[in-house]
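So for the sequence shown, this note's numbering puts the first residue at 1; every next one is plus one.
All residues carry an ideal CB built from backbone N, CA and C; glycine is no exception.
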Amino acid sequence: MENNRRITPPTYLKGTAVSVPEHVLDQELDGEIVLLDLKSGVYYGLNEVGSRMWTHLSTLSDLDEIMDKLLEEFDIDRATILNHLHDICHQLKSLELITLEGEFHAQIIEAVSC
Numbered sequence: 001m002e003n004n005r006r007i008t009p010p011t012y013l014k015g016t017a018v019s020v021p022e023h024v025l026d027q028e029l030d031g032e033i034v035l036l037d038l039k040s041g042v043y044y045g046l047n048e049v050g051s052r053m054w055t056h057l058s059t060l061s062d063l064d065e066i067m068d069k070l071l072e073e074f075d076i077d078r079a080t081i082l083n084h085l086h087d088i089c090h091q092l093k094s095l096e097l098i099t100l101e102g103e104f105h106a107q108i109i110e111a112v113s114c
């Protein structure tokens, strides 16, 4: 049975690095990003917000810097963006579409293990 309890995301991102593995390709279609996992052959579509997050995840390596960019782009508070960033990183990490190193990564592994 799946555990659906809400995980409190970390509030500290500095020092957490993100990278996109070589087996993941992306393409923009009509303002949204489509990801292809070459290992599994599966396509994933991201909505507008997910696409903006992916753009930063795939071009910047520091989650703290990504957070700052998202705060500049969206008219929402830091906690809301942090929750969305945590959720997308959790999903992408579990699908092996990104790799994470650092404190944020440790929090996501803990969340997956629960």
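Margin query: For D68, report the span of its alpha helix (DSSP H) as first-last.
Written below: 63-73
Checklist line | Which listed residue (S51, L60, V24, G31) has its alpha carbon closest to that of A17 | finding: L60
Next item on the list: Please state if the CB of V34 and the CB of Y43 are separated by a distance shorter than 8 Å.
Entry: yes
Notebook entry, point to check: So, L70 versus H86, is the Cβ gap smaller than 8 Å?
Noted result: no
Notebook entry, point to check: Alpha carbon to alpha carbon, how far is L92 from I76?
Noted result: 22 Å
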